[in-house]
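Mapping of the sequence shown onto the working numbering: residues 63 to 478, in sequence order. Cβ atoms here follow ideal geometry from the backbone N, Cα and C, with glycine treated the same way. First the structure, in the form of structure tokens, and then the observations on it.
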Amino acid sequence: MVTHSHALGIDFGTSNSAAAYLRDGMPRLVEMAPGQTTLPTTFFFDYETRQTLMGEPANQALLNGEDGRFMRALKRVLGTTLMHEKRQVLNQRVTCVEIIARFLAQIKTRAEADAGLTFDRAVSGRPVVFHGVDDPREEQAEADLKACYLAAGFKEVEFVPEPEAAAIASGTLEQMGEIGLIVDIGGGTSDFSLFRSGADGIEILANHGVRIGGTDFDRTINIDRVMPLLGKGTQLRKVLGPGETPMPNAIFNDLATWEKIPFLYTARNRRAVEELARLAYEPEKLNRLVSVLEDELGHELAFAVERGKIAANSGDEQSRIVLEQIERDLAAPLPTAALAPILDAHAQALRIGAQETLARAGLEIAQVNRVIYVGGSSLMSIVSDTMKVQFPDAQHSFTEVFTAVTNGLALASARR
């Protein structure tokens, strides 16, 4: 029989992942690299060495300009047909299930080395929704993730909603009977969980989630600020006859979407964009797009947007998205004041998500005593600003935003 000490809590995230297990009744985070308890959920398939790099080495290989294929945000592919399509990667044809399984196996190996135990059971976090409420892909997404864990060598897999895990990790509130709202903003989803503290611990009152996360913030900023420099919104001459037609948006939308970038680098797309550049009234912009596809710079652009977002969120009114990998001195201004209007639609979706959670619990705004923020993207000021307007009388606090879910999963393993 598998004992609780052999259960590993894993927070497989869109952008970063972490794992923890119980030692003497307390969560112990697994060290993924010296001094690091989180692991970037990234992959780099090095064409020269034929190696598969994961985490920070994968990020560095991309930024160093190594020849290879980079992947990130594969969690957002769960439940879609892309999960099971075989693609040529180095010397093999593999599916996304197999790629994610390798990543989870790496976490399992590091945890077992750290603990001196064999972990046969995974207690995995899962977003309240992968794609959306009542989306037909929901059941398939969980089945896909379970298949990844089993392929990684785990014998059993149990799922706990990520905000519920964060609520468990938060412990009881200062006074019995207080009601708290966990706001968990990850890389790909935003989850809400209302709970009440009591003598028996945490009682979950309602869960709800929306498919919005940090990668969506990046995508929206990318489309608004960077893609116009590559030709978005420009006009093309018609192939036959007079007149003009707008530049299609599809390629810009995909180029700004982390999980879709690797699938854009095809000969067909390159030929199509070269033809559009010949028809463009502003060919210098389309030629930048040609270079991005030819040199496979999509992820470099996405990282540049992420860095610009972080700088703008820190209050830097002079922040810019530096794009010198495309063209010398090319940059897109992104002052702090620009973030709120660019991300307003996401802020409204978060507000509605919180309202729906309240409705599911049958509670009023005034009954929420505390709002607790979890997840790296909860550090975006637009998140806390939106929630403070929604819950003006509640206490707002940040916990261990990157590892609270992981700690809660380790604690949850003892209850099962």
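Which of helix, strand or coil DSSP assigns to residue i
| i | result |
| --- | --- |
| E306 | strand |
| Q457 | strand |
| F216 | coil |
| H270 | strand |
| Y83 | strand |
| T104 | strand |
| Q98 | strand |
| F74 | coil |
| D447 | helix |
| G250 | coil |
| S255 | strand |
| Q388 | Gln is not the amino acid found at residue 388; the sequence shown has Ile there. It is coil, neither helix nor strand. |
| V288 | helix |
| A476 | coil |
| R90 | strand |
| A373 | helix |
| L235 | Low local confidence applies: a pLDDT of 48 at L235 is under 50, so the model's placement there is unreliable, and no value is given. |
| L115 | strand |
| G360 | helix |
| F132 | strand |
| Q380 | coil |
| V430 | coil |
| V222 | strand |
| A69 | strand |
| A466 | helix |
| P438 | Residue 438 is actually Gly in this sequence, not Pro. It is helical. |
| G424 | coil |
| E240 | coil |
| R276 | In the sequence under discussion, the amino acid at residue 276 is Gly, which differs from the Arg named in the question. Helix, per DSSP. |
Residue of the options minimising C-alpha distance to residue i
| i | options | result |
| --- | --- | --- |
| I313 | L351, G97 and D129 | L351 |
| T398 | K371, H408 and E306 | K371 |
| G360 | R281, L401 and G415 | R281 |
| C210 | V191, A476, L401 and S186 | S186 |
| A135 | T104, D206 and E201 | T104 |
| D196 | D455, G271, L326 and Q452 | G271 |
| M238 | L420, G260 and R340 | G260 |
| N153 | F365, P189 and F107 | F107 |
| N284 | E218, A366, G97 and R188 | A366 |
| G97 | R85, E118, T114 and Y109 | E118 |
| F453 | L317, G295, L243 and F216 | L243 |
| I444 | W320, P223, I274 and Q387 | I274 |
| F132 | K148, P102, G141 and P345 | P102 |
| G194 | V159, D253 and R155 | D253 |
| K148 | K137, R138, I161 and G141 | I161 |
| R432 | Q417, A421 and K450 | K450 |
| G276 | S440, T419, E389 and F325 | S440 |
| T296 | E344, L302, W320 and D262 | E344 |
| I383 | L363, A402 and E218 | L363 |
| A456 | E426, V222 and Q387 | E426 |
| I388 | E346, P403 and A82 | E346 |
| I241 | N469, R477, E462 and T419 | T419 |
| R369 | R390, L125, Q168 and S79 | L125 |
| D286 | D357, M116 and D406 | D406 |
| T142 | Q122, R85 and P198 | P198 |
| F74 | P324, P304, Q168 and R112 | Q168 |
| K300 | N311, I264, A339 and D447 | A339 |
Cβ pair residue i, residue j closer than 9 Å
| i | j | result |
| --- | --- | --- |
| L256 | A411 | no |
| A231 | A466 | yes |
| D176 | V92 | yes |
| A213 | A163 | yes |
| T76 | G249 | yes |
| F279 | H408 | yes |
| A355 | Y327 | Note that residue 355 is Leu in the sequence shown here, rather than Ala. Closer than 9 Å, so yes. |
| M309 | A342 | yes |
| R90 | A472 | yes |
| P225 | V190 | yes |
| V139 | T114 | no |
| L166 | I247 | no |
| G127 | Y109 | no |
| F221 | F181 | no |
| T307 | L317 | no |
| L70 | A229 | no |
| F464 | A95 | no |
| D447 | A373 | no |
Distance cut-off 8 Å: residue i Cβ against heavy atoms of the ligand COA
| i | result |
| --- | --- |
| Q202 | This structure simply doesn't include the ligand COA, nor any ligand for that matter. |
Any chance the stretch 429–446 sits against the stretch 285–303, with 3 or more Cβ pairs inside 8 Å?
no
Sequence ranges, alpha helix (DSSP H) only - wholly within the stretch 140–220, length at least 4:
158–177 and 200–213
Extract the residue ranges of the alpha helix (DSSP H) inside the stretch 390–422, only unbroken runs of 4 or more that lie entirely within it.
398–404
On the three-pair Cβ rule with 8 Å, is the stretch 367–387 touching the stretch 327–334?
no
What are the start and end residues of each continuous alpha helix (DSSP H) run of 4 or more residues lying completely inside the stretch 319–354, in chain order?
329–341
At least three beta-carbon pairs within less than 8 Å, the stretch 196–207 to the stretch 385–402:
no
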